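Down below is the structure, laid out as structure tokens.
In the numbering used here, the protein residues as written are 6 to 78.
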């Protein structure tokens with residue numbers, strides 16, 4: 006699956022879709038010294054419960070990507 010994602014998507018695609026669908030704006034971690042494919046979640050200004058919601062939305066979107074992969078496999 007990783008090769009399919011790597012060959013067909015850029016990390017920004019996931020980030021833009023997450024923002025469009027859920028209103029969650031994250032950044033690529035590369036600008037902060039992380040490896041490609043790592044997302045950065047700022048923990049500076051949101052209540053703790055918001056991060057649980059963000060994590061759930063990320064996992065749901067990853068699940069959608071995986072389900073699409075299984076259909077195309």
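In this text, a Cβ means the ideal position worked out from N, Cα and C, and glycines have one as well. Computed from a predicted model, the values in this text were never measured in an experiment.
query	result
Out of curiosity, what's the CA-to-CA distance linking residue 5 and residue 44?	Absent from the structure is residue 5, since the part of the chain shown begins at 6 and ends at 78.
Quick check on DSSP: helix, strand or coil for residue 51?	coil
Is the CB-CB distance between residue 20 and residue 33 below 8 Å?	yes
Taking 7 Å as the limit between beta carbons, can you name the residues of its chain near residue 16, skipping five residues before and five after?	33, 41, 42
Within 10 Å of its beta-carbon, does residue 23 have 16 or more other beta-carbons around it, so buried, or fewer, so exposed?	buried
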